[in-house]
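When we follow the numbering used here, the leftmost residue of the first sequence carries the number 43, and every step to the right adds one.
Glycine residues also receive a C-beta, built at the ideal position from the N, C-alpha and C atoms.
Before any comments, here is the structure.
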Amino acid sequence: MPELREAQQGKVVLRFAPNPNGPLSFGHARGIVINGQYAERYGGELILRFDDTDTVVKPPLPEAYSSIVEEATWLLGRAPDRVVIASDRIPVYYEHAERMLQGGGGYVCTCSAEAFRELRVAQTPCPCRDADAEINMERWRMMLDGRFAQGEAVVRVRTGMDLPNPALRDWPALRIQDTTAAPHPRPEVGSTYRVWPLLDFQSAVEDHLQGVTHIIRGKDLMDSTRKQSLLYEHFGWTYPETMYWGRVKVHEWGGFSTSAMRADIEAGTYEGWDDPRLPTIAALRRRGIQAEALRAFWLELAITQKDIAVPLATLYSHNTSVVDANAHRLAFVRDPVPLTLHNAPEEATLVAFPDDAERDVRRLDLSRGEVLIEAEDLQDPAPFRLKDLGDVEKEDGALHLTSLERSDSRRILHWTTPDATEAVLMVVNDGHIHNVKGRLEPHDLPSGAVVQLERIGYAILLDDHRLLMMHE
RNA sequence: GCUUGCGUGGUGUAGUGGCCCAUCAUAAAGGAUUCUCAUUCCUUUGACCCGGGUUCGAAUCCCGGCGCGAGCACCA
């Protein structure tokens, strides 16, 4: 990661500002990880800010406020330094709007959205643009007290109708939302306000108020930077240093939008935000993807403006290296075939952690003289060895233990004992969950433990009878 | 259409005029170690979008083309 421009040790303030209309998704992790990393590197601060100023198009999800703080903390390995909620600070934005109107930096526009769109294309000022501060203040009061209804008036920033970039021409800063009919989802806010700032105004003012020094965000917000810089000129402020990253697509996931996921969850298509098919932080976490792996992943992608498509294998590779040494080995026998084992000892001792044999062992009870093996492994007539037990020969449908020591280089199979529990291994593939039935070796690991199923891959224990596959 | 931004191996990434017959990671193939088809280690394959120009010298600078993306919402 490159150095930040104009960064002074101990004086860097960054922020990550999601819309709490759902919990964090995979892509959000980038904002948290990168901003958090820089805050740490320069001994600065990371602000988590909820940009929840829309009650109509993307209404906030009440639970998201707490879940996002919790998820961000998990990802960072520490809590954000400050948490700011935009909907708590509406009066502050009002003050700045009034200052802008009084200083002639903006005006109240009563043109319809469609009408203004035409004026913008034609580079023609609208009639409202000429109004003096007094008239603007009166219209502003009309917005506040309800004499204007939703859609009838908007506060615009005066930037210039002849700007070459149409996106910047007298952009809208605050609008009216009918919060009586559709209250803000936070009960403490509810129907208190009817005039709400739009992202560019709210974000710009708040960045200044919070002393943000550096903004790192998606390049889709490039024009936002330009818009906001024009607003900063009105106020005589200096805009923070800004960097951008491009779009990231994950090959295995299509395009997921927060609102679409929310609708699908409500419709019952998915079991919740942590459904393993979804690209949310909650789902990845439930699948056993470690915060450290996510951090390594995003740091490796760094902050190019290129639009990239990455395979999940890259993330999995990071996760394997984080998890492997501490993943307890366990056998999961799919399509199990019971076979009598002659000559068996009373008990077998298998390796739990290959890198650290002292740490723990697995003891399996062989007193019943029977083992379970995968049917597929039995297709091959070649002799084999039961891992950590001994070489066997197959005779009359039964196994004979012939040697505890390895006598040759025959293949080695995983196996378990008849007291293994019936279990289901959930594997996500192609956006579908496949339930693989099998028998799971007896163990005393808690739910949530990350294990490596021998010859299969890494998985997480959900409960006594369910496992969720992480990756190979 | 207007306005922006980006183009290095399969996928990501380093590289800001000579240290680059281009870095690292990942993927793939092969091999070694290993009582797992895991881990670890080694090897191989493989890239500077195209065309001009500037220069003794360009992945790096300039121009043009092509390709891909984003903004032009009273969403964030």
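To the nearest angstrom, report how far apart residue i and residue j are at their CA atoms.
i	j	result
residue 448	residue 294	42 Å
residue 489	residue 133	47 Å
residue 312	residue 428	40 Å
residue 58	residue 284	13 Å
residue 379	residue 341	46 Å
residue 52	residue 85	5 Å
residue 420	residue 353	34 Å
residue 235	residue 136	11 Å
residue 454	residue 416	12 Å
residue 212	residue 159	11 Å
residue 383	residue 115	51 Å
residue 309	residue 331	27 Å
residue 476	residue 317	13 Å
residue 250	residue 267	13 Å
residue 423	residue 439	12 Å
residue 399	residue 496	16 Å
residue 303	residue 122	26 Å
residue 435	residue 381	12 Å
residue 324	residue 113	8 Å
residue 474	residue 494	22 Å
residue 300	residue 431	50 Å
residue 141	residue 226	26 Å
residue 91	residue 60	7 Å
residue 70	residue 144	38 Å
residue 207	residue 305	35 Å
residue 343	residue 154	43 Å
residue 506	residue 480	13 Å
residue 261	residue 347	7 Å
residue 81	residue 89	10 Å
residue 445	residue 426	11 Å
Give the range of the alpha helix (DSSP H) segment to which residue i is assigned.
i	result
residue 133	132-144
residue 181	175-187
residue 276	264-277
residue 361	354-365
residue 401	Looking at the DSSP string, residue 401 is not in any alpha helix (DSSP H), and its letter there is neither H nor E.
Whole-angstrom Cβ separation of residue i and residue j, contact assumed at under 8 Å?
i	j	result
residue 498	residue 374	6 Å
residue 386	residue 443	6 Å
residue 218	residue 76	Between residue 76 and residue 218 the Cβ distance is about 36 Å, and since that is not below 8 Å, they are no contact.
residue 405	residue 389	6 Å
residue 56	residue 254	7 Å
residue 463	residue 441	Not a contact, Cβ separation roughly 22 Å.
residue 287	residue 72	7 Å
residue 36	residue 210	Because the chain in this structure spans residues 43 to 514, residue 36 falls outside the shown range and cannot be described.
residue 198	residue 214	6 Å
Please report the residue range of the beta strand (DSSP E) in which residue i lies.
i	result
residue 505	499-505
residue 494	492-495
residue 149	148-151
residue 158	Counting along the chain, residue 158 falls outside any beta strand (DSSP E), though it belongs to the alpha helix (DSSP H) covering 155-164.
residue 376	374-376
residue 390	389-393
residue 511	508-513
residue 475	474-482
residue 190	Premise fails: residue 190 is in no beta strand (DSSP E) and is neither H nor E.
residue 56	55-58
residue 260	256-260
Is there at least one non-hydrogen atom of the ligand NAP closer than 8 Å to the beta-carbon of residue i?
i	result
residue 490	What this structure holds is no ligand at all, so the ligand NAP is not there to describe.
Exercise. Counting pairs of Cβ atoms below 8 Å between the stretch 117-132 and the stretch 90-102, do you hit three or more?
Worked result: yes
Decide yes or no for the touch test of the stretch 181-201 against the stretch 149-169: beta carbon pairs closer than 8 Å, at least 3 of them. yes
Q. Which ranges does the alpha helix (DSSP H) cover as unbroken runs of at least 4 residues, wholly within the stretch 61-123, from first to last along the chain?
A. 68-83, 104-118
| Where in the stretch 417-464 do unbroken runs of the beta strand (DSSP E), each at least 3 residues long, occur, reported from the N-terminal end onward? | 426-428, 432-437, 440-445, 453-455
| said: Taking contact to mean 3 or more Cβ pairs, one atom from each stretch, closer than 8 Å, check whether the stretch 103-121 and the stretch 47-66 are in contact. | reply: The stretch 103-121 is in contact with the stretch 47-66.
**Message:** I want to know whether the stretch 456-465 touches the stretch 409-427 - three or more CB-CB distances under 8 Å.
**Reply:** yes
Notebook entry, point to check: Counting only runs that start and end within the stretch 282-342, where is the beta strand (DSSP E) found for 3 or more residues in a row?
Noted result: 283-287, 290-292
Subject >> Contact between the stretch 164-177 and the stretch 199-206 (3+ Cβ pairs under 8 Å) >> reply: Taking 8 Å as the limit for Cβ pairs, the verdict is that the stretch 199-206 does touch the stretch 164-177.
| request: Tell me, please, whether the stretch 225-235 touches the stretch 258-271 by the rule of three or more beta-carbon pairs shorter than 8 Å. | output: no
Does the stretch 333-347 come into contact with the stretch 357-370, if we say contact requires no fewer than three beta-carbon pairs (one atom in each stretch) closer than 8 Å?
yes
For the pair the stretch 467-476 and the stretch 502-513, tell me if three or more CB-CB distances fall below 8 Å. Judged by pairs of C-beta atoms under 8 Å, the stretch 467-476 touches the stretch 502-513, as three or more such pairs exist.
message = Which complete beta strand (DSSP E) runs does the stretch 200-247 hold, if anything under 3 residues is left out?
response = 214-218, 237-239
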